[in-house]
Amino acid sequence: MAGSVLTSTATCTAYRAVCGGKPDAPGVQAPVTGRVLAERVGWLADLVQSMADGVIVAHWSDADLAELAGGVGPEGRRLPGNGWMALRRLGWAAVPPAGVVVSDRVRRIAEEEAARVLRLACHRRAIVAALLATWPADPSARTDDEWAALRAALPDATDNATIRNRTRQITAHIAGHGRPPADLCELEGQPAAARQVSLAAADRQQVAVDRVDDSIVRVWSQLPTCPAPASYRDWVWHAFDVVLPAIVPAGVKVCTPTLRPGDGKVRVDLPWQTPHTPPRLDGHTRALGVDWGVNTLLTATVADLDQDGTVVVQGRPLRFDATGASAKLVRLRRHREHLNTKADHLARLRDGRPTHHPAAAALTAKLALLQAEHTAVCARIRHLNKALAWSSARWLVDQATAAGATVIYVEDLATLEGGGRSRSLNRRLSGAVRGTVFTAIAHLAAKVDIAVVTVPARGTSSGCPRCGGPVKHVKTPQRMVAGYRWANCSCGLSMDRDHAAAQRIAARGLANQANTRRGRNGNAAIRTATDTPARHQTRRPTRTATIPPARDRRKTAPTPKQIRPATVKTSRLLPLRRQVPAPAESPSGSSGQRPAGRTPQETNPKGPVSQVPHTAPTTTPRHPHRVRGAALGRGFHRHVHATPVTDRDGSASRMSGSPRIA
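Going by the UniProt record's numbering, the sequence shown wraps up at 662, each residue one higher than the last.
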């Protein structure tokens with residue numbers, strides 16, 4: 001598709017601003033601190049959120065959702081793509097609170113937020129309506145005819161995970177009420193709009209974006225000077241500069257941002273666009289096959305397609321091991337569940353007492369503290385998941401670029417569920433970041449013209465990549481007992497389980513690339529595939545890899561006498577000269593100055609004495625925190641280990657020095 005663009009979003013921060021004047025005539029301006037700017041953006045976000053929630057509450061019904069989903073207005077014209085224009089065509093205008101004066105552009109922003117929420121609800125409504133219309137006698141075991149009827153009623157591109165989750169939601173409603181819900185509005189409560197300001201719905205009378213230079217963007221926006229502006233005099237133009245991160249190239253098109261206030265700061269989500277042509281889906285001769293794992297997040301291998309159609313794989317596995325980060329996520333989730341349990345217990349204690357009870361205030365304070373800590377833990381989990389996803393995606397795309405691959409084949413695990421396993425495995429599978437990783441891989445690969453294609457996941461770990469037969473999973477090659485880590489086959493294959501699966505994925509993708517199709521969401525996938533045996537590439541011996549012949553060490557002559565000089569009487573282990581010389585002048589009242597080094601302990605110290613001999617006071621910690629391998633933007637966590645990025649000839653790649661992870 002020629003002429004398309006690739007949109008990325010850079011999250012920046014506005015630290016200060018100036019108010020007064022206009023974008024075309026700045027005039028006299030007054031400085032505004034960052035906290036005051038965050039307060040005023042928060043007032044605008046609260047106004048937008050309240051008006052958007054009013055639209056959602058007024059039209060949260062099945063009839064109104066059906067009218068919006070129909071895509072046709074009352075006069076028979078097709079609804080426009082912009083959300084605020086569609087709501088105005090339907091007559092669903094946003095109304096400001098009583099006594100508050102807002103401009104038409106602010107109402108546009110509120111209507112756009114409400115339209116996005118309602119359109120998402122329309123999609124969920126179609127899925128729930130299809131499930132209710134074809135509800136089986138046993139939803140946990142549908143027959144083939146019931147599945148066929150359900151697929152015919154569902155919207156296109158509905159995955160099995162969505163069907164499973166909505167089925168469980170309806171089943172829980174039936175268990176609680178004794179009957180199925182009538183529609184989505186009865187099954188779910190009305191959603192709430194986000195506390196943000198989408199300035200893209202306004203025009204230059206509300207917002208203006210100007211690029212100062214290659215690294216700074218100036219944003220002009222009208223903000224209220226009080227929580228409830230009573231006239232247009234309470235709306236003042238504010239200008240704040242946003243420093244672009246290093247990943248934003250110079251000269252790209254910068255779009256209208258979204259403002260998100262919080263914690264005394266203003267986050268600016270600034271979209272930027274670059275020209276982009278979608279990469280081709282077939283005709284690939286070198287690919288990178290990727291297998292998902294539990295501890296080893298990604299395991300990849302390089303495969304080539306010969307002219308005769310044979311798939312040749314390389315024997316070098318590429319791993320992104322996030323065992324330490326996964327353990328940290330498990331501890332954070334366990335802490336979050338503990339906080340949630342304590343908060344529920346305190347809520348029951350508080351609700352069981354009258355409001356004038358002496359302990360009610362203390363319980364309310366404890367509950368607020370627990371909720372704040374729960375929010376902080378959730379934020380830590382979210383941020384660590386995001387960093388893990390984008391760093392692994394950056395590493396994988398760099399590996400594909402260094403290897404010269406034009407396509408990345410990933411197994412489709414969108415519907416994976418760890419049923420029938422241990423609680424720890426189910427927790428790790430449910431909390432995996434596969435969706436975010438796949439989105440990050442697709443986005444980063446599109447920037448370097450590399451296609452990302454999903455292949456069917458069935459049989460990737462249970463089959464042999466060489467002969468296609470079943471493999472036996474054992475603990476180690478030395479312990480041939482039932483296990484998980486190692487794969488053995490009767491044909492002689494013996495390698496890591498994830499590495500064998502990555503080879504099978506790469507061979508499956510290269511052999512069936514003619515069946516690649518792009519869906520409505522833009523993601524490319526191979527729905528049906530046949531397995532092709534992969535041949536191992538024969539490594540050519542190099543000069544450095546050649547083992548020299550062993551030297552003849554047999555005794556054929558007497559040992560020569562070693563003559564040592566008689567003047568050497570001290571051990572060579574001691575230094576010939578003092579490494580740290582003493583200063584020329586000594587302080588008065590002392591016999592000398594010792595060389596620099598650790599402070600010696602006193603023989604008879606005054607006061608309590610530490611029993612540990614190595615606790616001499618020092619400013620340098622004994623075990624400083626050194627993030628091994630964390631330079632270059634990939635090892636953001638101390639316990640994340642990844643295969644170094646190397647070129648085809650085995651040398652270190654230049655891109656491994658990139659300081660970015662996204």
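Backbone N, C-alpha and C fix where the C-beta goes; we use that ideal spot for every residue, glycine too.
I'd like to check one pair, Ala126 with Pro155: are the Cβ atoms closer than 8 Å?
yes
How many angstroms separate the CA atom of Ala201 from the CA atom of Glu67?
Rounded to whole angstroms, Ala201 and Glu67 show a C-alpha spacing of 22 Å.
Starting from Gln503, follow the beta strand (DSSP E) in both directions and report where the run begins and ends.
Counting along the chain, Gln503 falls outside any beta strand (DSSP E), though it belongs to the alpha helix (DSSP H) covering Arg497 to Ala511.
Is Val95 helix, strand or coil when you go by DSSP?
coil
Using a Cβ-Cβ distance under 8 Å, would Trp486 count as near chain D?
This model lacks chain D altogether, as it is built from one protein chain only.
Is the CB-CB distance between Thr516 and Ile526 below 8 Å?
yes
Which whole-angstrom value describes the C-beta separation of Arg107 and Ala93, a residue pair presumed to lie in contact below a C-beta threshold of 8 Å?
7 Å
Terminal residues of the continuous alpha helix (DSSP H) containing Glu113?
Asp104 to Ala133
Nearest-angstrom beta carbon gap, Asp412 and Val474 [assumed within contact, 8 Å]
So it is not a contact: roughly 27 Å between Cβ atoms.
Considering Thr535, what are the terminal residues of the beta strand (DSSP E) in which it resides?
Note on identity: in this sequence residue 535 is Arg, with Thr being the wrong assignment. From DSSP, the beta strand (DSSP E) with Arg535 extends over Ala534 to His536.
Which word fits Glu337, buried or exposed, when buried means at least 16 other C-beta atoms lie within 10 angstroms of its C-beta?
exposed
Assuming Asp398 contacts Val645 under a Cβ cut-off of 8 Å, what Cβ separation, rounded to an integer in Å, is found between them?
5 Å
Among Val302, Ala502, Arg553 and Trp43, which residue has its Cα nearest to the Cα of residue 673?
Within the shown structure, residues of the chain are numbered from 1 to 662, placing residue 673 beyond reach of any answer.
Just how far apart, CA to CA, sit Ala306 and Lys386?
Per the sequence shown, the amino acid found at residue 306 is Asp instead of Ala. Each residue's Cα considered, the two are about 38 Å apart.
Straight-line Cα distance separating Pro74 from Arg89:
Spanning the two alpha carbons is a distance of roughly 8 Å.
Just to confirm my understanding: we take Val452, look at its own chain, exclude 5 residues before and 5 after, and list those with CB closer than 6 Å. What are they?
The residues are Ile408, Ile441, Ala442 and Ala445.
Closest by CA to Val32, which one among Pro26, Asp24, Gly20 and Arg211?
Gly20
Measure the Cβ-Cβ separation of Ser8 and Glu113 and say whether it is below 8 Å.
no
Which term fits Asn160, buried or exposed, when burial requires 16 or more other beta carbons within 10 angstroms of its beta carbon?
Its Cβ having fewer than 16 others within 10 Å, Asn160 is exposed.
For Ser231, does the three-state DSSP call read helix, strand or coil?
coil
Which same chain residues, not among the five before or five after Gln29, have their C-beta less than 6 Å away from its C-beta?
Val18, Gly20 and Gly21
My understanding is that Leu281 touches Arg518, with C-beta atoms under 8 Å, so please give their C-beta distance in whole angstroms.
That belief holds up - the Cβ atoms of Leu281 and Arg518 are roughly 7 Å apart, short of 8 Å.
Considering only residues of the segment 339-406, which uninterrupted alpha helix (DSSP H) runs meet the minimum length of 4 residues and lie entirely inside it, listed in chain order?
358-403
What is the rounded straight-line gap between the Cα of Gly70 and the Cα of Ile247?
41 Å
Quick test of your reading: Leu6 and His276, contact by CB under 8 Å. State the CB separation rounded to the nearest angstrom.
4 Å
Member of Thr436, Ala45 and Trp84 whose CA lies at the smallest distance from the CA of Ser391
Thr436
Mind the definition here: the segment 374-381 touches the segment 329-344 only if three or more C-beta pairs lie below 8 Å; say whether that holds.
yes
Pull up the CB-CB distance for Ala403 and Arg286, whole angstroms please, since I reckon it's below 8 Å.
Contact flag correct, Cβ pair sits at about 7 Å.
Classify Trp220: buried if its beta carbon has 16 or more other beta carbons within 10 angstroms, exposed otherwise.
With 16 or more other Cβ atoms within 10 Å, it is buried.
Secondary structure at Ser221, three-state DSSP: helix, strand or coil?
strand
Please state whether the Cβ-Cβ distance between Thr301 and Arg319 is less than 8 Å.
no
Boundaries of the beta strand (DSSP E) in which Asp304 is found, first to last residue
Thr296 to Leu305
How should Ile216 be labelled, buried or exposed, when 16 other C-beta atoms within 10 angstroms of its C-beta is the threshold for buried?
exposed
What residue range is occupied by the uninterrupted beta strand (DSSP E) comprising Trp272?
Lys265 to Pro275
Using the beta-carbon count (16 or more within 10 Å), is Met51 buried or exposed?
buried
So, is Val627 buried or exposed, given that buried needs 16 or more other C-beta atoms within 10 angstroms?
Only weak support is given to the placement of Val627: the predicted model assigns it a pLDDT of 47, under 50, and the question is left unresolved by the model.
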